[in-house]
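Trainee: Encoded as structure tokens, here's the structure I'll be asking about.
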Amino acid sequence: MQIFGEHDEATLRQLRDVASRADRVALMADGHVGYVMPIGGVAAYRNKVSVVGVGFDIACGNAAILTDAYLDDLGATAAERHAALATLADDIASTVSFGLGRRNRADDAPTDDALFEDAAWEAVPRGQRQALRDKARSQLGTVGSGNHYVDVFADEADRLWVGVHFGSRGFGHTIASAFLALSQGARWGARVPEREVLLDVDRSIGADYWALMTLAGRYAYAGREWVARKVVGLLGAREQDLVHNHHNFAWRERHWGDDLIVVRKGATPAYPGQRGFVGGSMGDDAVIVEGVDTARHVAPEVHDLQRRALFSTVHGAGRVMSRTQAAGKVDRRTGRVRLPGAISPQMMREWVERKGVVLRGGGTDESPHVYRRLPDVLAHQRGTVRVLHTLRPLIVVMAGAHEVDPYKD
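The sequence shown maps to residues 1 to 409 in our numbering.
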């Protein structure tokens, strides 16, 4: 068991519970309590995959595109640049669907992608298949709510990047829910308790889940790349580079001479030379990281840590406050505050304005106050990854504070 950083007892208790069933486990420095498996957790199994480990938002992940545009291209003065960023933020918010916009506003999403005719659809019951395919098509490239976002960044050379964070939307949620039900003897679509389910991938139910999980991964990749490229187009720029990764997924990998299935729940793959895009918060820098190359004079203990981490790293800064603690509770019928939140809109606004971010949407449950600081989290990874680029946020677009998304994990 490899643990990076410091964590509360509830998070560690979840990790120990996962370890009782897995061959190996690790916890990244951004870890916190999740559903059954902690966020930031990594677990390796022999021929089994954890449905709740992969989660409801199958293949949630990050994509970042480096463009050929520079910050100065937006205007000669700070005022001109700010005005251009504000216009671009409005364009993003009106073009890309967030929150309750469960259907794509744009008519050019890649709904004819080959993934919609993949053989994996045969794993969906015939009576459910077309409805699920229609849902997936309509939601391809929608972002949702919670901590999902579309951002524009500037790096250390003032080059502009577009970054996005979201997953497989209702498609992945339906798959996860269905296999939780099937594994408990219920029918596809039935509601059942959210508890640990380990599926043997050599049996039909496990093979079907694996096929549909993999398909949801392709779906999430297609959606993220379409949204990111849409924003590059709004910027009037061209793509120079792409960094793209899942952080809620399962992979077949080889560790210590064994063929294992590695489930990463809020953790980024970080093999030597492998790049990843890791966000901070709406008011903090993001980074492009790379798993350190142990052939390049890296101390043996660092390579050992990489192996013990199952070649994984953080996927973000990590929450230190729950959504309810941050935003409080309001009775939706009466509007009465049932529980005051620790973070006020003014606190959030002041932080974001100090950082110079143009913000559209976002609630206090996503304020920078509710997250760790990303440099501290990366330091706790103890040299297993290195930062290639530091990205400061210029634009952050998220769902509004009161927009509901049933498909976030």
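Yeah, the Cβ is synthetic: ideal placement off N, Cα and C, and Gly gets one too.
Return the CA-CA distance between I288 and V162, expressed in angstroms with no decimal places.
Mentor: Cα-Cα distance, rounded: 12 Å.
Trainee: Please look up how many angstroms separate the CB atoms of H255 and L180, rounded, as I've assumed it's under 8 Å.
Mentor: Actually they are not in contact, since the Cβ atoms of H255 and L180 sit about 27 Å apart, beyond 8 Å.
Trainee: How big is the Cα-Cα spacing for T268 and N62?
Mentor: For T268 and N62, the distance between alpha carbons rounds to 9 Å.
Trainee: Please return the same chain residues whose Cβ sits closer than 6 Å to the Cβ of R412, not counting the five positions on each side in sequence.
Mentor: Residue 412 is absent from the structure shown; the chain starts at 1 and stops at 409.
Trainee: Considering only C-alpha positions, which residue in the set I65, V54 and V51 is nearest to A237?
Mentor: The shortest Cα separation from A237 among I65, V54 and V51 belongs to I65.
Trainee: Helix, strand or coil for S443? Go by DSSP, reduced to three states.
Mentor: Since the displayed the chain opens at 1 and closes at 409, residue 443 lies outside it and no answer follows.
Trainee: Measure the CB-CB distance between V263 and T67 and report whether it falls below 8 Å.
Mentor: No, the pair does not count as a contact, with Cβ atoms beyond the cut-off.
Trainee: Looking at C-beta atoms only, is the number of pairs between the segment 167-174 and the segment 125-136 that lie closer than 8 Å three or more?
Mentor: As far as the Cβ criterion goes, the segment 167-174 touches the segment 125-136, which means the pair count is three or higher.
Trainee: Just confirm the distance between the C-beta atoms of A211 and A120, as a whole number of angstroms; I'd bet it's less than 8 Å.
Mentor: Confirmed, Cβ separation roughly 4 Å.
Trainee: What first and last residue would you give for the alpha helix (DSSP H) that runs through S138?
Mentor: Where S138 is concerned, the enclosing alpha helix (DSSP H) stretches over R126 to Q139.
Trainee: Name, in chain order, the residues that DSSP records as bridge partners for F171.
Mentor: In DSSP, F171 forms no bridge with anything.
Trainee: For my contact list, I92 and L234 are in at a C-beta cut-off of 8 Å; report their separation, rounded to the angstrom.
Mentor: Indeed they touch by this definition, with Cβ atoms about 6 Å apart.
Trainee: Scan the segment 139-203 and note each continuous alpha helix (DSSP H) run of 4 residues or more that stays entirely inside, going in chain order.
Mentor: DSSP runs (the alpha helix (DSSP H)) wholly in the segment 139-203: 169-183.
Trainee: In angstroms, rounded to a whole number, what distance separates the CA positions of M37 and K265?
Mentor: Straight-line Cα distance between these residues: approximately 7 Å.
Trainee: Would you mind sorting V352 into buried or exposed? The rule is 16 or more other CB atoms within 10 Å of its CB.
Mentor: It is buried - the Cβ of V352 has at least 16 other Cβ atoms within 10 Å.
Trainee: Indicate the three-state DSSP secondary structure (helix, strand or coil) for S20 in the structure shown.
Mentor: Coil, per DSSP.
Trainee: Which partner residues of T313 appear in the DSSP bridge assignment?
Mentor: Beta-bridge pairing links T313 to T268.
Trainee: Exposed or buried, which one is T334 when buried takes at least 16 other CB atoms within 10 Å?
Mentor: By the neighbour-count rule (16 or more Cβ atoms within 10 Å), T334 is not buried but exposed.
Trainee: Alpha carbon to alpha carbon, how far is S20 from G144? Give it in angstroms, no decimals.
Mentor: Whole-angstrom Cα-Cα distance: 34 Å.
Trainee: Taking 8 Å as the cut-off, does the segment 80-87 touch the segment 219-229 (at least 3 CB pairs, one atom from each stretch)?
Mentor: Segments in contact, no.
Trainee: Of all the options L140, A317, G55 and T313, which has the alpha carbon lying nearest to the alpha carbon of R195?
Mentor: Minimum Cα distance to R195 is reached at G55.
Trainee: The alpha helix (DSSP H) that contains S94, what's its start and end?
Mentor: Segment A78 to T95, the alpha helix (DSSP H) holding S94.
Trainee: From the DSSP output, which residues share a beta bridge with N248?
Mentor: According to DSSP, which records beta bridges pairwise, N248 is partnered with K265.
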